[in-house]
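Just so you know, the sequences run in chain order P and H. Numbering follows our numbering, with no gaps: position 352 of the first sequence is 353. Numbering follows our numbering, with no gaps: position 65 of the second sequence is 66. Built from N, CA and C at the ideal position, the CB exists for glycine as well. Model, not experiment: these values are computed from the prediction.
2 protein chains.
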Amino acid sequence: MSAFHWDAAAVRAVVPLRPDGTPRSVADHERAYAAAVWSCLAEPGDAVAGALIDALGPDDALREVIAGCRGTLAADAAGIPPDELRAGVRRWQPRLEAESIAFALHLAVSAGVHLVTPDDDCWPAALDDLGPHAPVALWVRGDPAVLTRLDPAIALVGARAATGYGEHIAEEFAADLAGRGVAVVSGAAYGIDGAAHRAALAAGGITVALLAGGVDRPYPAGHTDLLRRIAASGAVLGEVPCGSAPTRWRFLQRNRLIAALGDATVVIEAGWRSGSLNTAGHAATLGRPLGAVPGPVTSGSSAGCHRLLREFDARCVTTSDEAAELLGLDAAHGSEREEREDDRTGERTRVSDALSARAWRTVDDVARRSGMATAQVRAHLGMMALEGVAANEGARWRRVVAGAGD
Amino acid sequence: MSAFHWDAAAVRAVVPLRPDGTPRSVADHERAYAAAVWSCLAEPGDAVAGALIDALGPDDALREVIAGCRGTLAADAAGIPPDELRAGVRRWQPRLEAESIAFALHLAVSAGVHLVTPDDDCWPAALDDLGPHAPVALWVRGDPAVLTRLDPAIALVGARAATGYGEHIAEEFAADLAGRGVAVVSGAAYGIDGAAHRAALAAGGITVALLAGGVDRPYPAGHTDLLRRIAASGAVLGEVPCGSAPTRWRFLQRNRLIAALGDATVVIEAGWRSGSLNTAGHAATLGRPLGAVPGPVTSGSSAGCHRLLREFDARCVTTSDEAAELLGLDAAHGSEREEREDDRTGERTRVSDALSARAWRTVDDVARRSGMATAQVRAHLGMMALEGVAANEGARWRRVVAGAGD
Numbered sequence: 002m003s004a005f006h007w008d009a010a011a012v013r014a015v016v017p018l019r020p021d022g023t024p025r026s027v028a029d030h031e032r033a034y035a036a037a038v039w040s041c042l043a044e045p046g047d048a049v050a051g052a053l054i055d056a057l058g059p060d061d062a063l064r065e066v067i068a069g070c071r072g073t074l075a076a077d078a079a080g081i082p083p084d085e086l087r088a089g090v091r092r093w094q095p096r097l098e099a100e101s102i103a104f105a106l107h108l109a110v111s112a113g114v115h116l117v118t119p120d121d122d123c124w125p126a127a128l129d130d131l132g133p134h135a136p137v138a139l140w141v142r143g144d145p146a147v148l149t150r151l152d153p154a155i156a157l158v159g160a161r162a163a164t165g166y167g168e169h170i171a172e173e174f175a176a177d178l179a180g181r182g183v184a185v186v187s188g189a190a191y192g193i194d195g196a197a198h199r200a201a202l203a204a205g206g207i208t209v210a211l212l213a214g215g216v217d218r219p220y221p222a223g224h225t226d227l228l229r230r231i232a233a234s235g236a237v238l239g240e241v242p243c244g245s246a247p248t249r250w251r252f253l254q255r256n257r258l259i260a261a262l263g264d265a266t267v268v269i270e271a272g273w274r275s276g277s278l279n280t281a282g283h284a285a286t287l288g289r290p291l292g293a294v295p296g297p298v299t300s301g302s303s304a305g306c307h308r309l310l311r312e313f314d315a316r317c318v319t320t321s322d323e324a325a326e327l328l329g330l331d332a333a334h335g336s337e338r339e340e341r342e343d344d345r346t347g348e349r350t351r352v353s354d355a356l357s358a359r360a361w362r363t364v365d366d367v368a369r370r371s372g373m374a375t376a377q378v379r380a381h382l383g384m385m386a387l388e389g390v391a392a393n394e395g396a397r398w399r400r401v402v403a404g405a406g407d
Numbered sequence: 002m003s004a005f006h007w008d009a010a011a012v013r014a015v016v017p018l019r020p021d022g023t024p025r026s027v028a029d030h031e032r033a034y035a036a037a038v039w040s041c042l043a044e045p046g047d048a049v050a051g052a053l054i055d056a057l058g059p060d061d062a063l064r065e066v067i068a069g070c071r072g073t074l075a076a077d078a079a080g081i082p083p084d085e086l087r088a089g090v091r092r093w094q095p096r097l098e099a100e101s102i103a104f105a106l107h108l109a110v111s112a113g114v115h116l117v118t119p120d121d122d123c124w125p126a127a128l129d130d131l132g133p134h135a136p137v138a139l140w141v142r143g144d145p146a147v148l149t150r151l152d153p154a155i156a157l158v159g160a161r162a163a164t165g166y167g168e169h170i171a172e173e174f175a176a177d178l179a180g181r182g183v184a185v186v187s188g189a190a191y192g193i194d195g196a197a198h199r200a201a202l203a204a205g206g207i208t209v210a211l212l213a214g215g216v217d218r219p220y221p222a223g224h225t226d227l228l229r230r231i232a233a234s235g236a237v238l239g240e241v242p243c244g245s246a247p248t249r250w251r252f253l254q255r256n257r258l259i260a261a262l263g264d265a266t267v268v269i270e271a272g273w274r275s276g277s278l279n280t281a282g283h284a285a286t287l288g289r290p291l292g293a294v295p296g297p298v299t300s301g302s303s304a305g306c307h308r309l310l311r312e313f314d315a316r317c318v319t320t321s322d323e324a325a326e327l328l329g330l331d332a333a334h335g336s337e338r339e340e341r342e343d344d345r346t347g348e349r350t351r352v353s354d355a356l357s358a359r360a361w362r363t364v365d366d367v368a369r370r371s372g373m374a375t376a377q378v379r380a381h382l383g384m385m386a387l388e389g390v391a392a393n394e395g396a397r398w399r400r401v402v403a404g405a406g407d
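This is how it looks when you write it as structure tokens:
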């Protein structure tokens, strides 16, 4: 193991100012640097690291690990069972190398990537709902101030192997919600994610992409330009340091960040075993509203959505208004399918049924045909005449306008 | 009002034997005849008629009405509030005409239509769940013994304005369920209903059509041949007497019979205000399981199904196996989408992620890349070597088979 030392110069380069533009104190620098180091040491979602950092702060937690590597680990640190803490140190130790950490920081500086930690005002409080699984820091490509504009935010996710149908829905939802000031959070993958980001950008809204690897490494490569555009007006976020590869584990952990940043998650299209179901699972675990867009049952690309409806009690979402409802927002478009008074039940219907549009009928005849008392029929006919839906010539009646049954 | 009298000759012609082939007693005849008369007097779902018949039997209930028409109504009959009973008599009186009732019976005799009442062994007990809204009798075109073969039965209903998608699903569900001995109940309308009946017939199964009008009047006319085929192996049922027109009110009431005869109801395709939602509402009121098949959110023909999923807590049904599940039947096709062990989470994934398929890596390297302790990594590598998914040359390892992420 290389000797590890505090690299004050490196951290000053990465985090010269707080994201809000104010200078950092020396103590701030130390904590930010320690958070950056932690993002190199622990894999995303490492709850032992999270608990240790929660209890001691990132700087003292890191000193504890360095001590542990030298065999002087305090047995009762942060109330974490000593076995777990020792196992943690064994996990983190292989990565506690000054050179590789310095290299990750160097990559961040080169790429203009910002470090944001829970000490910063722009830290998204929504991430704290992850408890010990919250990230220790975020690496941000783009303006970190965007992180203050994620309320409300919606996670729109789905299959890479999307159909035209799914991409159409993703575009429609993202454009409409982004246009209403809802930030669109997704994972920058091909298919649904890409369609959602693109439509949010086109609508002039805020969109944020969470990457599984380092934010300096556009992934997928085919979305290099899309990610550049997202960073220009929104942000590209990751919790692993620059230069890190997007592994399958990190994809799964990345999904928890998408679910946590969204005030609600909507899965637009997903195969039976799509990774989007993992995002949905995180949203449900966090108690965030979860929606799924149905599709043809003959389409494998909607099978995962139907599974969410069947097995995970997801809300069926068919319009962007219904997606907005998950966020507690009112419908933007009014109630398009406003209920008309349903006159298809009850006595009125029976009287109307008993009238003919062509033949004139007596009240007695209408009473017999409708199975109602004569006096009742007469009362309804009077109302219907006022409304212009029935007409009489003397004692004989006919229907003027008839609604269609189904 | 014409004088009303018991028409013993007419009733003997309609119901010469019980549906099971045994002769009827004189008392039986009287009750069957009275039930037939009641089906002429009261509109479907008339709860006052239902309560009166429940309390007194159809024959004494009818005598009570005849007395009521003469102004000698017993004020406390069957515990029904006198006002409601008097209102009932006023409703029924216009239809208490010997000629028109005799004509309805004559039509039934001519068309070979059977009368089935709750006194008959083949009466479907499921209808009794409707309480005072249960029909007083069923008019049956076809073999009444079919009514004993409706357990289990599924109601498959949907829009007349069905799409190819909806008709395809209706055919698939009906064929599969009918082939498994489930009776398919529907309403003989164009679109979904017709597709379900046809597929059930093609599968050699039992199918039953509920009509809103008289069973001697094929409705819609374009389904005259289909209704003939349904009657030949199954049954065409109605609660209004022969010659009656299918009014909108009767369609809505007919829907309660479909819902009651089905052990579960599945709406396959339905517009936002489809009459199928009325059937679904009856199923829910009866406590019968209710399913809805999702479709594209861009299809108006699925809007009603999505409404059922959103507003009525219907179960999302995507396969005939899932429809069978609503009936408490096991899946016929095994678990097609059987869960494979999900190895995408946990340490194994992280070790696999850290291996390369091309480059050989040391255990220390794999430990660093996976963020795990060396000893743990070694244990996993040992297991993976046994399973053939990792291979080593001395101290260096590589991945042999990699699963695809999503």
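Cβ pair R369 (chain P), R96 (chain H) closer than 8 angstroms
yes
Select from the region 347-374 of chain P all residues with a C-beta closer than 7 angstroms to any C-beta belonging to chain H, and list them in chain order.
T350, R351, D354, D365, A368, R369, G372, M373 and A374
Look at D354 (chain P) and R249 (chain H) and say whether their C-beta atoms are less than 8 angstroms apart.
yes
By how many angstroms is the C-alpha of H198 (chain H) removed from the C-alpha of V185 (chain H)?
7 angstroms
At a cut of 8 angstroms, does the region 206-218 of chain P reach the region 244-259 of chain P through at least three beta carbon pairs?
yes
Spatial distance of G1 (chain P) from T299 (chain H) (CA atoms)
Because chain P spans 2 through 407 in this model, residue 1 (chain P) falls outside it and cannot be assessed.
I need the boundaries of the alpha helix (DSSP H) containing T286 (chain H), first residue and last residue.
Unbroken alpha helix (DSSP H) run through T286 (chain H): S277 to T286.
Output, in chain order, the set of chain P residues within a Cβ distance shorter than 8 angstroms of C317 (chain H).
P295, H307, L310, R311 and C317
Determine the closest residue to G80 (chain P) out of P:H107, P:V66, P:A105 and P:V49, with distance taken between C-alpha atoms.
Cα-wise, what sits closest to G80 (chain P) is P:V49.
Boundaries of the alpha helix (DSSP H) in which S303 (chain P) is found, first to last residue:
S303 (chain P) -> no alpha helix (DSSP H), and no H or E assigned at all.
Tell me, to the nearest whole angstrom, how far the beta carbon of L108 (chain P) is from that of P125 (chain P); I am working on the premise that it is less than 8 angstroms.
Actually they do not touch by this definition, with Cβ atoms about 23 angstroms apart.
Answer yes or no: do G296 (chain H) and P295 (chain P) have a C-beta to C-beta separation smaller than 8 angstroms?
Yes, the Cβ-Cβ distance between G296 (chain H) and P295 (chain P) is below 8 angstroms.
Terminal residues of the beta strand (DSSP E) in which H115 (chain P) lies
Start and end: H115 to V117.
Using DSSP with H/G/I as helix, E/B as strand and the rest coil, what is R362 (chain P)?
DSSP, read as helix, strand or coil, puts R362 (chain P) in strand.
Limits of the unbroken alpha helix (DSSP H) element including V216 (chain P)
That residue, V216 (chain P), is in no alpha helix (DSSP H); it is neither H nor E in DSSP.
Which residues, taken in chain order from the region 82-95 of chain P, show a beta carbon closer than 7 angstroms to some beta carbon of chain H?
A88, R91, R92 and P95
Write down every uninterrupted run of the beta strand (DSSP E) in the region 142-206 of chain H whose length is 3 residues or greater and which is fully enclosed by it, in chain order.
154-158 and 184-187
If we define contact as Cβ-Cβ less than 8 angstroms, is M2 (chain P) a contact residue for chain H?
Any reading at M2 (chain P) needs caution, since the residue's pLDDT is 37, under 50, leaving its predicted position unreliable; the model's value is listed next. Not one chain H Cβ lies under 8 angstroms of M2 (chain P).
Please check if any C-beta of chain P sits within less than 8 angstroms of the C-beta of T248 (chain H).
Chain P places a beta carbon closer than 8 angstroms to that of T248 (chain H), counting this residue as a contact.
Does any CB atom of chain H fall closer than 8 angstroms to the CB of A43 (chain P)?
yes
Who pairs with T350 (chain H) in a beta bridge, going by DSSP?
Answer by DSSP bridge pairing: none, since T350 (chain H) is not bridged.
So which residues on chain P does Y34 (chain H) lean against when the C-beta distance must stay under 7 angstroms?
Residues of chain P passing the Cβ test: none, with the nearest at roughly 20 angstroms.
Evaluate A233 (chain H) with the Cβ neighbour count: other Cβ atoms within 10 Å of its Cβ, from every protein chain shown; 16 or more gives buried, anything less gives exposed.
exposed
Got a sec: is the Cβ-Cβ distance from V166 (chain H) to anything in chain P below 8 angstroms?
The identity of residue 166 (chain H) in the sequence shown is Tyr, whereas the question assumes Val. It does: the Cβ of Y166 (chain H) has a partner Cβ on chain P nearer than 8 angstroms.
Going by alpha carbons, who is nearest to R92 (chain H) out of H:C70, H:S111 and H:A99?
When only C-alpha atoms are compared, the closest one is H:C70.
Which ranges would you report for the beta strand (DSSP E) in the region 55-113 of chain H if only whole runs of at least 3 residues count?
none
Using a Cβ distance threshold of 8 angstroms, determine whether the region 132-142 of chain H contacts the region 111-122 of chain H, with at least three qualifying pairs required.
yes
Who does V27 (chain H) pair with in a DSSP beta bridge?
Looking at the DSSP assignment, V27 (chain H) forms no beta bridge with any residue, so it has no partner.
Have a look at P:D194, P:D322, P:G215 and P:A265 and flag the residue whose alpha-carbon is nearest the alpha-carbon of L151 (chain P).
P:A265
If you follow the alpha helix (DSSP H) that D232 (chain P) is part of, which residue opens it and which one closes it?
What sits at residue 232 (chain P) in the sequence shown is Ala, not Asp. First-last of the alpha helix (DSSP H) with A232 (chain P): T225 to S234.
Just the Cα atoms here: how many angstroms apart are D314 (chain P) and S275 (chain H)?
25 angstroms
Under 8 angstroms by Cβ, that's how I've got G206 (chain H) and A179 (chain H) pegged, so tell me the actual separation to the nearest angstrom.
2 angstroms
If the cut-off is 8 angstroms on Cβ atoms, which residues from the region 137-170 of chain P count as contacting chain H, listed in chain order?
So the list reads A160, R161, Y166, H169 and I170, given in the order they occur along the chain.
Beta-carbon of V298 (chain P) versus every beta-carbon of chain H: anything under 8 angstroms?
yes
Quick check on H381 (chain P) - is its C-beta less than 8 angstroms from some C-beta in chain C?
Absence of chain C from the displayed structure is noted, the protein chains being P and H.
Which stretch, first to last residue, makes up the alpha helix (DSSP H) that contains A380 (chain H)?
T375 to L387
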